[in-house]
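Report on the following structure.
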Amino acid sequence: MAALIELDRVSKVYPMPGGDVHALRDVSLSVERGEFVSVVGASGSGKTTMLYLLGLLTDPTQGAYRLNGRAVGRLSDRELSAIRGCEVGFVFQSYHLVPQLSVLDNVRLAARYVDGLNRSDVKRRANELIERVGLAPRIHHRPNELSGGEMQRVAIARALLARPPLILADEPTGNLDEQTSLQIFDLLAGITEEGRTVILVTHEASLADRTQRTIRLRDGRVVDEAA
Amino acid sequence: MKLLELSREAWTNLLLHKTRSSLAALGVIFGVASVICMLSISEVARRDVIGRIERLGIRNVILDSVKPERVRTREKHDSDRSWIARYGLTREDLEVLADNVPEIETIVPMRIMLEDVQANLEVSDINVVATTPAYTRVMSHAVREGRFLSEVDNARSQPVCVLGADAAQRLFPLASPLGQVVRIGGHHFKVVGVLERKGPTGTAGILSNPDNTAWMPMNTSFSRFGKLQVRRRGGSSEATEVEINRAVVRVREGLPLEPVAAIARNLAKRRHKQDDVAVTIPYALLKERRQAERIFRWVMGSLAAISLLVGGVGIMNIMLANMAERRHEIGLRRALGATRNDILRLFVSESTLLCCLGGVLGVGLGALLAQLVGTLAQWTVVFQPLSFPLGIVVSVLTGLIFGTLPAIKAARLDPVLALRVE
Ligand SMILES: Nc1ncnc2c1ncn2[C@@H]1O[C@H](COP(=O)(O)OP(=O)(O)O)[C@@H](O)[C@H]1O
Ligand SMILES: [Mg+2]
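Protein sequence lines, in the order shown, are assigned to chains A and B. For the first sequence, our numbering gives the first residue as 1, with consecutive numbering after it. For the second sequence, our numbering gives the first residue as 1001, with consecutive numbering after it.
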């Protein structure tokens, strides 16, 4: 079976009035199912761009990307969106919860754009996931009634709802204290044990050290890979 | 159903921003309300005025005796009146006119009698007007029971009368008036006929209410009551000598009315020392009125369009602000699998639902306002039934049109930028 993620000499250029910005240059990469990979690098080195590219939120300027054995370069917005909905779960540094929705509804929102899901199944799974991240008592609370760590746990539950094989987390602990960061990290590590792939962008060397593999970016290039 | 789900989601999202949503809807509500209100009120004004003019007959020229300025000022200063007010059209005027203008088919004179009508000793405030047998034909006023005044009645000055529909109802509420006797100014008159209801004609005065009138032959009026009419009021009395109050001139089929009116005007000027005859052409009035109305409708239509435009721009503004505020949510939804079309639909459905609700409320408010104005101004309000669904359809279209631009912007937003936190 092919690797879950295969990047082949991928570049991403943002054409800007002040000159092109090369966010990624010639990145080649392969990630297997069930791997726990961290991505590190200075601010502006292209980590977020790489993650969004892997999550099909943006497309490469050059190079080829195969996700789950399928070349995604020529797919339509509709097909890309469908893949994002079923096969990718995002976790963001600033959580991106909808402030007006309850914890339960925020988690269930991940099923809104996925076809063929049964309403009651979705509800059951949402409840299970909320329980698993330890937020069962807060299920009807609004995001602004939660702490940062709790909000990030809601976001992780949301990312898992559609059972995607790939979880992309962009500095999920960037806004959290050390102890909470560890809790979130452990949650993500637990996910890989069920065979899901987690790619974690982080600033914290201590966290990166605890992943199976670390990819270091500098100026959009992969400079060092430590296993 | 997809649409149902979409509107449920839109409804939830609107509820999440209650204040903003209701503010946005206000423009549409007032826009539609003013349209409904204006439409139904202009319809009222239209039906009333046009009906009155039409009932004067569109092939007729109307000559009215009007109190000249001299008589008016004298009335004002001389409250103890011991003089005779003498003015207006005479029978001779009408004969001269009929003899000299071949375009004229018939002239129907009308003379207001300052007398009371009594039946069974009860006095009523029914008007008395003398006229000739051609009245029913020229004024298109049909007979319901019995017959109208005949040539013989007129030639022999018979004491007979015909009652308008309201007059008949008031004098003889229980039995048929036919063959009954009424007293007009002390004389006995036999009722020979009752007319159909016609509705008000012209603008004002006794002659505008043909249904509340008792009609007698012209010659009878002169032979029984004379040329001079005296009305006693309180201690004083007023003497008036007006032979003919109104002459309805029927012009032959297919001939223009304006020349006949001009001849009548000239004749009055030549034969009268004072300015005491007014000539009107109902058809011209009607045309003028219709023209004015067309302009009115255009103005109304433009006002309506402008108010809806304002409402639409309000919606657009709010949706743009909405979109900017929900930038992260848009990015998030895209990350969760929403297509560009999903985002488009999300925002368009919100603005459309908002405008639809605004339209429904606006129609209700407009109907209420129109009813209120109608009650205050004592008009009967006539709603154009089509205006209700039209109001709602137009607001939905407003929502669609003005909601689309912000929705397209939202859909085109690059998810990477949408998710960025500064
Ligand atoms: N949408 C964009 N338009 C233009 N330039 C961008 C955009 N997104 C990122 N960049 C630029 O690309 C480079 C990499 O950015 P990013 O991937 O966000 O880095 P990191 O996440 O490692 O901080 C930076 O120089 C950034 O300014
Ligand atoms: Mg970043």
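Ideal Cβ placement from N, Cα and C applies to all residues, glycine included.
Chain A within 8 Å of residue i, Cβ atoms only
| i | result |
| --- | --- |
| alanine 1335 (chain B) | yes |
| glutamate 1329 (chain B) | yes |
| alanine 1024 (chain B) | no |
| leucine 1016 (chain B) | yes |
| proline 1389 (chain B) | no |
| threonine 1339 (chain B) | yes |
| leucine 1376 (chain B) | no |
| leucine 1419 (chain B) | yes |
| leucine 1400 (chain B) | no |
Alpha-carbon spacing of residue i relative to residue j, whole angstroms
| i | j | result |
| --- | --- | --- |
| aspartate 20 (chain A) | lysine 12 (chain A) | 10 Å |
| valine 1348 (chain B) | leucine 101 (chain A) | 21 Å |
| tyrosine 95 (chain A) | asparagine 144 (chain A) | 12 Å |
| glutamate 1151 (chain B) | histidine 1272 (chain B) | 30 Å |
| glutamine 1180 (chain B) | valine 1393 (chain B) | 59 Å |
| glycine 44 (chain A) | glycine 174 (chain A) | 15 Å |
| serine 206 (chain A) | threonine 1019 (chain B) | 47 Å |
| asparagine 1266 (chain B) | valine 1279 (chain B) | 10 Å |
| threonine 1136 (chain B) | alanine 1214 (chain B) | 13 Å |
| valine 98 (chain A) | glutamate 1325 (chain B) | 11 Å |
| leucine 146 (chain A) | glutamate 131 (chain A) | 15 Å |
Minimum C-alpha distance to residue i - residue among the options
| i | options | result |
| --- | --- | --- |
| glutamate 1145 (chain B) | B:Gly1364, B:Val1230, B:Leu1178 | B:Leu1178 |
| glutamate 6 (chain A) | A:Ala82, A:Tyr14, A:Ser28, A:Glu87 | A:Ser28 |
| aspartate 1166 (chain B) | B:His1188, B:Val1128, B:Pro1133, B:Ala1134 | B:Val1128 |
| isoleucine 167 (chain A) | A:Ala2, A:Asn127, A:Gly44, A:Glu194 | A:Glu194 |
| aspartate 1116 (chain B) | B:Val1182, B:Ser1065, B:Leu1376, B:His1272 | B:Val1182 |
| isoleucine 1318 (chain B) | B:Ala1284, B:Ala1407, B:Leu1397 | B:Ala1407 |
| aspartate 77 (chain A) | B:Arg1340, B:Asp1211, B:Ile1244 | B:Arg1340 |
| glycine 149 (chain A) | A:Ala208, A:Gln179, A:Leu217 | A:Gln179 |
| histidine 140 (chain A) | A:Val88, A:Pro15, A:Asn106 | A:Asn106 |
| arginine 1252 (chain B) | B:Ser1307, B:Glu1103, B:Ala1284 | B:Glu1103 |
| arginine 1270 (chain B) | B:Asn1322, B:Glu1238, B:Leu1228, B:Leu1097 | B:Leu1097 |
| aspartate 115 (chain A) | A:Glu87, A:His22, A:Arg221, A:Leu207 | A:Glu87 |
| valine 1071 (chain B) | B:Glu1329, B:Ser1395, B:Asp1275 | B:Asp1275 |
| valine 133 (chain A) | A:Pro164, A:Leu80, A:Ala155 | A:Ala155 |
| glycine 1185 (chain B) | B:Ser1237, B:Gly1027, B:Ala1377, B:Gln1118 | B:Gln1118 |
| valine 72 (chain A) | A:Leu54, A:Asp209, A:Leu182 | A:Leu54 |
| valine 1277 (chain B) | B:Leu1413, B:Asp1048, B:Asp1064 | B:Asp1064 |
| leucine 1400 (chain B) | B:Leu1174, B:Ala1264, B:Trp1083, B:Gly1359 | B:Gly1359 |
| serine 1223 (chain B) | B:Cys1037, B:Phe1030, B:Ala1142, B:Met1113 | B:Met1113 |
6 Å Cβ shell around residue i - same chain, five flanking residues per side excluded
| i | result |
| --- | --- |
| valine 1061 (chain B) | Val1249, Leu1257, Val1260, Ala1261, Ile1281 |
| isoleucine 199 (chain A) | Val37, Leu168 |
| leucine 1344 (chain B) | Ala1407, Ala1411 |
| arginine 138 (chain A) | Val103 |
| asparagine 1219 (chain B) | Asn1154, Ser1157 |
| leucine 85 (chain A) | Reading off the sequence, residue 85 (chain A) comes out as glycine, not leucine. Taken in chain order, the residues that qualify are Tyr113, Val114. |
| threonine 1240 (chain B) | Ala1085, Gln1229 |
CB contact below 8 Å: residue i versus chain B
| i | result |
| --- | --- |
| aspartate 177 (chain A) | no |
| tyrosine 65 (chain A) | no |
| aspartate 77 (chain A) | yes |
| threonine 231 (chain A) | No answer is possible for residue 231 (chain A): it lies beyond the span of chain A, which begins at 1 and ends at 227. |
| valine 154 (chain A) | no |
| serine 231 (chain A) | Limits of chain A in this structure are 1 at one end and 227 at the other, which puts residue 231 (chain A) out of reach. |
| leucine 109 (chain A) | yes |
| threonine 214 (chain A) | no |
| alanine 82 (chain A) | yes |
| histidine 96 (chain A) | yes |
| glutamine 100 (chain A) | yes |
Distance cut-off 7 Å: residue i Cβ against heavy atoms of ligand 3
| i | result |
| --- | --- |
| lysine 12 (chain A) | Among the ligands present in this structure, namely ligand 1 and ligand 2, ligand 3 is not found. |
Sequence-distant residues of its chain with Cβ nearer than 7 Å to residue i (five each side left out)
| i | result |
| --- | --- |
| glutamate 171 (chain A) | Gln93, Val201, Thr202, His203 |
| tyrosine 1283 (chain B) | Ile1058, Leu1257 |
| aspartate 219 (chain A) | Ser45 |
Own chain partners of residue i with C-beta closer than 8 Å, once the 5 adjacent residues on each side are dropped
| i | result |
| --- | --- |
| proline 1415 (chain B) | Ile1330, Gly1331, Arg1334, Ala1335 |
Complete runs of the alpha helix (DSSP H) confined to the segment 47-105 of chain A [at least 4 residues]: Taken in chain order, the complete alpha helix (DSSP H) segments of 4 or more residues contained in the segment 47-105 of chain A are 47-54, 77-87.
Inside the segment 151-221 of chain A only - alpha helix (DSSP H) runs reaching at least 4 residues: Taken in chain order, the complete alpha helix (DSSP H) segments of 4 or more residues contained in the segment 151-221 of chain A are 178-192, 205-209.
Inside the segment 1248-1272 of chain B only - alpha helix (DSSP H) runs reaching at least 4 residues: Whole alpha helix (DSSP H) segments, 4+ residues: 1258-1271.
Beta strand (DSSP E) segments (min. 3 residues) lying fully within the segment 1263-1332 of chain B: Runs found: 1277-1280.
Whole runs of the beta strand (DSSP E) within the segment 1124-1161 of chain B, excluding any shorter than 3 residues: 1127-1131, 1143-1146
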